[in-house]
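Residue numbers (full-length UniProt numbering): 1 to 381.
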C-alpha cells in the first residue's frame, strides 16, 4: 500500500483522486454527515481508482508501518465505512491457509508438551512459565502488565490508551505459539479461570466504572484506524454461518482466533465474562439505545452470541483432550504431521521449548528440538 500510494501521488490524475478520497475518509472517521453531492463525489473518486493497484492492496499484520498502511486502505475504501455490517472486507492479507490447517493439528503439541513436563493442574500458569522462558514474551508481557496495573483498582485512573498499546505490542510482536497458550489456556477450575480472565488486566483494559453504551463503543472504534481494521478482520474471519457444521462461513479456526486476539488492545477489547466459562463479551450495555436498540444488540452479541468464535474456542480448549500421543491412533498421525512440517520449513516462525527449558527460535535448532520431542513422545515402530 505504501509504495503504491507513492506511485499514485506521482501521477497528477491519481493524486487528485486520492486527495478527494482523503477528505471523504477524514469526514467519515470523524463521523461527520456527508450531503448527497459529497457522497456521490466520494463514490465516483473510488470508482476512478477501480483499475489502480492501490484499490487492491492489503496490509501485513505485523508490518512496522501498519497504521500508515491501514490509513491508506481506509482512504481508498471510504465507502465501506457507512455502517457496522459493511466492514466485512479485511484490510489484512489472508492468513496462510496451510499454516492455519497445520496449526489446527499442531495445537495438541503445545498442551501435550506441557503435560509431558508434569504440570497439567493449571494450564494458564504453565503457559505463563513457558512465556517467561522467551526473552521477548517475558519482556513485553511484563511491560503491559506494569502499564495496565498502574492506577488500576485504586482511586487513580489507569492510562487505558497506554495499556491498550502495550497489549497490542504483546499480541503483535510475540509469536502466536506463546500468546494463544496464555489467552486460550483450557481451565478445569475457577482458580485457573480467574488467571485466564485477568490475562489482559481487565480492570484497566476492559472495564469502565460504568458500562458505556455499545453504540458509543462502536463509534470510538470507527474513529480509530487500527480498531476499525481489526473489527473488519474479525467480521470477515469469524463470520457466523448457521448452516455450517462449524458455525463459520470461512471454516478457518486459526484466522478467527487470530482476529479475536487482534481486537485486544482496541476500544472494543473483549474478555472472558467469568472465571467458570469461556464465554466472552464486550464491556457495554444497550440500555437507553432508543430506536437503535436492535443495532446495539447486534454489536453486543458480536462476541457473546457468535457461534463461529464459540466453536473455535471449544476447539482450542479441546486441544488438551485430543488424547495421549503414545496411543496407537495418534502416533502415525503425528509422524505424518512432523514430516509435512519439516519439509515445508514451517517451523521458521514457531518457537518451541527444548528439554532443558530454553526456547530456541532458529529454524535449524527448531527442527532438531521438534524431532527430539517426537522421538521421546511417540512410541517406536
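The beta-carbon is built from N, C-alpha and C at its ideal position, and this holds for glycine as well.
Query, Result
"Among 274, 288, 310 and 218, the one whose alpha carbon lies nearest that of residue 383", "The question about residue 383 has no answer here: the residues shown for the chain are numbered 1 through 381."
"Closest residue to residue 176 among 262, 93, 211 and 251 (Cα-Cα distance)", "262"
"Segments assigned alpha helix (DSSP H), at least 4 residues, entirely inside the segment 250-292", "253-263"
"Proximity winner among 257, 239 and 127, relative to residue 249 (alpha-carbon distances)", "239"
"Proximal residues to residue 304 (C-beta, below 7 Å), its chain only, five neighbours per side dropped", "279, 280 and 281"
"Residue 131 vs residue 201 beta-carbon contact at 9 Å", "no"
"Check: residue 39 C-beta below 8 Å from any heavy atom of the ligand ADP", "The ligand ADP is absent from the structure shown, which contains no ligand whatsoever."
"DSSP beta-bridge partners of residue 92", "59"
"Backbone secondary structure at residue 240 - three-state DSSP", "strand"
"Proximity test, Cβ basis, 9 Å: residue 184 and chain C", "The structure shown has no chain C; it contains just one protein chain."
"Cβ neighbour criterion (16 or more within 10 Å) applied to residue 253", "buried"
"6 Å Cβ shell around residue 296 - same chain, five flanking residues per side excluded", "214, 215, 286 and 289"
"Segment limits, alpha helix (DSSP H) that includes residue 160", "160-173"
"Local Cβ density within 10 Å of residue 13, reported as buried at 16 or more and exposed below that", "exposed"
"Residue 137 and residue 212 closer than 9 Å at C-beta", "no"
"Which residues DSSP lists as bridging residue 308, in chain order", "Answer by DSSP bridge pairing: none, since residue 308 is not bridged."
"Spatial distance of residue 94 from residue 255 (CA atoms)", "8 Å"
"Residue 11 to residue 185 span [Cα, whole Å]", "52 Å"
"Residue of 259, 234 and 145 minimising C-alpha distance to residue 166", "145"
"Same chain, Cβ closer than 8 Å to residue 21, five either side skipped, listed in chain order", "42, 45, 46, 49, 75, 76 and 78"
"Residue 58 to residue 160 span [Cα, whole Å]", "29 Å"
"Sequence-distant residues of its chain with Cβ nearer than 7 Å to residue 275 (five each side left out)", "190, 193, 194 and 197"
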